[in-house]
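Visitor:
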Amino acid sequence: MFCPPHTQSCNRLTEVNMGCHLSKEQHTKPMAEPEKPDAQAPAPAVPTTGQLETTAPALVSSRVLDDAPPEPPSAMPPTEEQAAERPAQLEGLATLPEHLQLGVTLAGMRELLLKLPSDALEQVNAQIPLDKVTGEPKFPTNDTFNGYASQFFMNLWAKEPKEGQPEGDGLAVCERLQEQGSPHVGKATVFVSWFLATTIETLLDALANYLKQHRGCGRRTPSSGCATT
76 MFCPPHTQSC NRLTEVNMGC HLSKEQHTKP MAEPEKPDAQ APAPAVPTTG
126 QLETTAPALV SSRVLDDAPP EPPSAMPPTE EQAAERPAQL EGLATLPEHL
176 QLGVTLAGMR ELLLKLPSDA LEQVNAQIPL DKVTGEPKFP TNDTFNGYAS
226 QFFMNLWAKE PKEGQPEGDG LAVCERLQEQ GSPHVGKATV FVSWFLATTI
276 ETLLDALANY LKQHRGCGRR TPSSGCATT
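Residue numbers for the sequence shown follow the working numbering, so the first one is 76 and each next one is one higher.
(1) Less than 8 Å between the CB atoms is what I'm expecting for Ile-275 and Asn-200, so what's the real figure, rounded?
(2) From Val-248, Trp-232 and Cys-249, pick the residue whose C-alpha is nearest to that of Pro-241; which is it?
(3) To the nearest angstrom, how far is it from the Cα of Glu-235 to the Cα of Gln-157?
(4) Give me whichever residues DSSP pairs with Gln-240 in a beta bridge.
(5) For Leu-282 versus Gly-183, is the C-beta spacing smaller than 9 Å?
(6) What is the DSSP secondary structure of Leu-127, reduced to helix, strand or coil?
(7) Got a sec? Which residues, its chain only, sit under 7 Å from Pro-212 by beta carbon, not counting five neighbours each side?
(8) Checking 9 Å against the spacing of the C-beta atoms, do Leu-177 and Val-260 come in under that value?
(9) Start and end of the alpha helix (DSSP H) containing Leu-165?
(10) If you check the beta carbons only, do Leu-246 and Glu-238 fall under 9 Å apart?
(11) Cβ atoms of Ala-272 and Tyr-223: under 9 Å apart, would you say?
(12) So which of His-289, Asn-284 and Ala-263 has the shortest CA-CA distance to Pro-172?
(13) When we look at the beta-carbon of Ser-193 and count the other beta-carbons within 10 Å, is it buried (16 or more) or exposed?
(14) DSSP has Leu-205 in a bridge; who is on the other side?
(15) Counting along the chain, where does the alpha helix (DSSP H) carrying Leu-252 start and finish?
(16) Is the beta carbon of Val-248 less than 9 Å from the beta carbon of Val-179?
(17) Could you spell out where the beta strand (DSSP E) holding Lys-287 opens and where it closes?
(18) Name the residue from Pro-215, Leu-189 and Gly-210 whose alpha carbon lies nearest to the alpha carbon of Phe-228.
(19) Since Leu-279 contacts Arg-185 with CB under 8 Å, what's their CB separation in whole angstroms?
(20) Tell me where the alpha helix (DSSP H) around Leu-181 begins and ends.
(21) Would you check if the distance between the CB atom of Glu-187 and the CB atom of Asn-217 is smaller than 9 Å?
(22) In this structure, does DSSP put Phe-220 in helix, strand or coil?
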């Protein structure tokens with residue numbers, strides 16, 4: 076703040092942040108001495124600046140100072156009831172048809188996404204039946220690639236005419252990948268049931284976090300219900 080040099084007291088007023096908009100009389104008028112606080116006055120209920128500066132650091136969480144991302148929570152161990160049911164579940168799975176026991180790895184799922192056409196969503200939405208009265212789609216259109224869009228292409232691939240198979244091969248995705256010698260197909264060790272309106276990227280991120288939580292599982296081959304088998 077600039078102050079005109081008509082009195083020497085202006086600098087003094089500026090130093091105490093009283094500004095330079097005072098009159099000449101106010102500039103030359105001596106300042107009153109501040110009253111001294113009563114020595115016996117009780118301490119204020121509100122902490123002073125000095126007290127806050129002393130105590131505030133103790134309230135800072137070490138998490139704020141740590142830039143490293145938090146580790147994913149450890150997996151919940153199975154209950155005794157779940158562990159007791161496991162042998163019967165495995166025995167039941169062994170009786171399923173072979174193609175229903177197949178699964179695809181996370182890397183294999185990502186490779187499948189790369190095979191989709193650039194207008195994948197447009198193709199899916201164009202196949203939604205229209206209401207005869209309103210002319211509007213009977214079902215909500217898809218704005219992201221989700222489970223419904225995934226199902227559309229799985230069925231489309233199975234019905235695509237191929238050499239010697241004019242009506243398609245009728246295979247599930249894992250069966251077709253297995254015939255092609257894909258290294259990403261094997262016996263499923265994880266079954267995933269999920270809400271089909273969820274985006275595929277969200278699903279894959281969830282599976283990636285699961286694998287981080289189960290670091291000792293090696294190359295697990297998840298089988299995603301309604302999505303990849």
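Glycine included, each C-beta is placed from N, C-alpha and C at the ideal position.
Guide: On the basis of the data shown:
(1) Their Cβ separation, rounded to whole angstroms, is 16 Å, which puts Ile-275 and Asn-200 out of contact at 8 Å.
(2) Of Val-248, Trp-232 and Cys-249, the residue nearest in Cα terms is Trp-232.
(3) Their backbone Cα atoms lie some 42 Å apart in a straight line.
(4) Lys-237
(5) no
(6) Note on Leu-127: pLDDT 46, under 50, position unreliable in the model; the coordinate value appears next. When secondary structure is reduced to three states using DSSP, Leu-127 falls in the helix class.
(7) Ile-203 and Leu-205
(8) The answer is yes: Cβ separation under 9 Å.
(9) 155 to 169
(10) no
(11) Cβ distance < 9 Å, so Tyr-223 and Ala-272 count as in contact.
(12) Selected option, being the one with the closest Cα: Ala-263.
(13) exposed
(14) Pro-212
(15) 248 to 254
(16) yes
(17) Not the beta strand (DSSP E): Lys-287 falls in the alpha helix (DSSP H), residues 275 to 288.
(18) Leu-189
(19) 7 Å
(20) 181 to 189
(21) According to the sequence as given, residue 187 is Leu; it is not Glu. Cβ atoms of Leu-187 and Asn-217: not closer than 9 Å.
(22) When DSSP states are grouped into helix, strand and coil, Phe-220 belongs to the coil group.
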